[in-house]
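These notes concern the structure reproduced below.
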Amino acid sequence: MVHEVQAVVARAKGEPVELTTILVPDPGPGEALVRVQSCGVCHTDLHYRDGGIGDDFPYLLGHEAAGIVESVGEGVDDVAPGDFVILNWRAVCGKCRACAKGKPWYCFDTHNATQPMTLPDGTVLSPALGIGAFAEKTLVAAGQCTKVDPEASPAAAGLLGCGVMAGIGAAINTGGVTRGDSVAVIGCGGVGDAAIAGAKLAGASTIIAIDVADRKLELAKGIGATHTVNANEVDVVEAVRELTGGNGADVVIEAVGRPETWTQAFYARDLAGTVVLVGVPTPELTVELPMIDLFSRGGALKSSWYGDCLPSRDFPYLVDLYRQGRLDLDAFVSETIGVGDVEAAFEKMHKGEVLRSVVIFE
Numbered sequence: 001m002v003h004e005v006q007a008v009v010a011r012a013k014g015e016p017v018e019l020t021t022i023l024v025p026d027p028g029p030g031e032a033l034v035r036v037q038s039c040g041v042c043h044t045d046l047h048y049r050d051g052g053i054g055d056d057f058p059y060l061l062g063h064e065a066a067g068i069v070e071s072v073g074e075g076v077d078d079v080a081p082g083d084f085v086i087l088n089w090r091a092v093c094g095k096c097r098a099c100a101k102g103k104p105w106y107c108f109d110t111h112n113a114t115q116p117m118t119l120p121d122g123t124v125l126s127p128a129l130g131i132g133a134f135a136e137k138t139l140v141a142a143g144q145c146t147k148v149d150p151e152a153s154p155a156a157a158g159l160l161g162c163g164v165m166a167g168i169g170a171a172i173n174t175g176g177v178t179r180g181d182s183v184a185v186i187g188c189g190g191v192g193d194a195a196i197a198g199a200k201l202a203g204a205s206t207i208i209a210i211d212v213a214d215r216k217l218e219l220a221k222g223i224g225a226t227h228t229v230n231a232n233e234v235d236v237v238e239a240v241r242e243l244t245g246g247n248g249a250d251v252v253i254e255a256v257g258r259p260e261t262w263t264q265a266f267y268a269r270d271l272a273g274t275v276v277l278v279g280v281p282t283p284e285l286t287v288e289l290p291m292i293d294l295f296s297r298g299g300a301l302k303s304s305w306y307g308d309c310l311p312s313r314d315f316p317y318l319v320d321l322y323r324q325g326r327l328d329l330d331a332f333v334s335e336t337i338g339v340g341d342v343e344a345a346f347e348k349m350h351k352g353e354v355l356r357s358v359v360i361f362e
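Numbered per full-length UniProt numbering, the sequence shown spans residues 1 to 362.
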């Protein structure tokens with residue numbers, strides 16, 4: 001059986017997205033059909049639309065999603081019809097060299113559904129991050145479905161599917177933030193604010209939010225920042241050092257993906273401190289540093305893919321914290337919108353007016 005559903009498609013580089021009919025097949029072996037309840041509007045979707053990730057148009061956008069499993073294919077036993085799930089874009093294989101080393105969060109052979117979703121004329125769609133969830137239904141690999149507490153709000157829980165998990169994981173999993181640490185976060189969008197929330201969860205004593213917009217800095221304070229720095233008004237490195245006893249922060253998280261902000265992060269950390277790059281740079285960007293500075297400052301320079309998360313471990317844990325009132329995922333939902341409002345949501349995101357617009361499917 002083939003399902004005709006409404007979905008958001010980017011047909012060409014830089015062109016406005018289109019709400020149109022697509023065809024979604026029933027699940028084959030190892031696959032699951034998911035009725036999408038919510039999907040966040042993420043910067044990654046905008047990168048796809050603008051050709052910043054690839055040119056495999058047309059793209060079926062959306063990936064930060066939660067929903068209900070409708071049916072599963074042969075050999076699937078981890079999830080079943082009726083399960084409330086968060087979709088993830090790193091379904092681990094369990095067999096590659098990273099998985100064999102006991103580090104499945106680095107899996108080098110993650111997988112997606114093998115059957116294509118298409119336009120009515122047969123044109124094959126490229127699902128964003130292997131998900132494609134700006135759609136009433138989507139087809140994914142069963143391993144991309146993580147079962148969580150069904151009492152959680154889909155709008156909030158779905159954000160763990162990408163941006164919020166990336167930020168929290170950048171602080172806790174990649175940065176190793178622990179009790180009493182000082183943490184600076186450069187860039188207070190959805191991912192940066194999630195890193196702030198992660199630092200707070202981990203027990204950091206000083207959490208410095210850095211951005212160029214006062215409105216964003218105020219939001220960051222509500223999420224857990226103890227101090228704010230407007231990068232348009234002061235020298236970021238000096239400000240961080242002043243707030244950390246002249247030393248610099250133990251962990252600096254760069255959530256912008258620009259050479260100038262990464263360089264600020266490098267010099268704003270303490271000796272032997274850690275820099276975490278979680279902001280996604282475009283391919284042409286480069287960083288140049290004196291090698292003596294790399295040598296003499298020590299510490300660690302890390303990148304964080306998806307917050308180095310293991311969805312089967314991290315999603316249920318974070319949803320439980322949300323249900324207990326210890327992690328305010330609702331604070332990341334700036335507005336709920338219809339599936340036809342994605343293009344307008346991109347404009348709001350570009351202007352920095354929202355942390356997350358979330359599409360709600362009735």
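Don't be surprised by glycine CBs; every beta carbon is placed ideally from N, CA and C.
A quick note: this is a predicted structure, and the numbers were derived from the prediction, not measured.
Residue pairing of residue 6 in beta bridges, as defined by DSSP: 21. Of the candidates 255, 35, 76, the residue whose Cα lies closest to the Cα of residue 87 is 35. In the assembly as shown, residue 58 is a buried residue. Its beta-carbon has 16 or more other beta-carbons within 10 Å. With a beta-carbon spacing of about 7 Å, residue 198 and residue 170 fall inside the 8 Å limit used to define contacts. Note on residue 324: under 16 other CB atoms within 10 angstroms of its CB, so exposed under the neighbour-count rule. Cβ-Cβ distances below 6 Å link residue 42 to 64, 162, 163 in the same chain, with the five nearest sequence neighbours on each side left out; the list follows chain order. Taking each of 304, 286, 259 in turn and checking the Cα distance to residue 277, the smallest one comes out for 304. With a cut-off of 8 Å on Cβ pairs, the segment 120-139 is not in contact with the segment 97-107, counting fewer than three such pairs. When the five nearest sequence neighbours on each side are left out, the beta carbons in the same chain lying within less than 6 Å of the beta carbon of residue 267 are those of 237, in order along the chain. With fewer than 16 other CB atoms across the displayed protein chains lying within 10 angstroms of its CB, residue 108 is exposed.
With respect to residue 129, residue 22 sits apart: the two C-beta atoms are not nearer than 9 Å.
Close CB contacts of residue 217 within its chain, under the 6 Å cut and outside five residues either way in sequence, are with 209, 211, 228 (chain order). Going by DSSP, residue 174 is part of no alpha helix (DSSP H) at all; its letter is neither H nor E. A straight-line Cα-Cα distance of about 18 Å links residue 185 and residue 356.
If you draw a straight line from the Cα of residue 257 to the Cα of residue 358, it is about 23 Å long. The C-beta distance from residue 196 to residue 220 rounds to 6 Å, short enough to meet the 8 Å contact threshold. Taking residue 300 as the centre and dropping the five residues before and after it, the same chain places the C-beta of 274 closer than 6 Å to its C-beta, in chain order. Residue environment for residue 298: exposed (fewer than 16 other C-beta atoms within 10 angstroms of its C-beta). Excluding the 5 residues flanking it on each side, residue 83 has same chain C-beta neighbours closer than 6 Å at 69, 147, in chain order. Taking 3 residues as the shortest admissible run, the segment 309-349 contains the following complete beta strand (DSSP E) segments, listed from N- to C-terminal end: 335-337. One thing to note: residue 255 has its Cβ no nearer than 9 Å to the Cβ of residue 352. Residue 37 sits in a strand when the DSSP states are folded into three classes. Residue 113 and residue 72 have their alpha carbons spaced roughly 12 Å apart. When rounded, the separation of the alpha-carbon atoms in residue 126 and residue 206 is 42 Å. Distance check between residue 251 and each of 239, 175, 317, 308 places 175 closest, using alpha-carbon atoms only. Between residue 15 and the set 343, 179, 233, 354, the nearest pair of CA atoms involves 343.
The beta-carbon distance between residue 3 and residue 24, rounded to whole angstroms, is 4 Å. This is short enough to meet the 8 Å contact definition. With contacts defined by Cβ atoms closer than 9 Å, residue 145 and residue 92 do not form a contacting pair. Counting only residues of its own chain and dropping the five nearest sequence neighbours on each side, residue 104 has a CB closer than 8 Å to the CB of 92, 94, 98, 310. In this structure residue 317 is exposed. Its beta-carbon is surrounded by fewer than 16 other beta-carbon atoms within 10 angstroms. Spanning the alpha carbons of residue 124 and residue 253 requires a straight line of approximately 38 Å.
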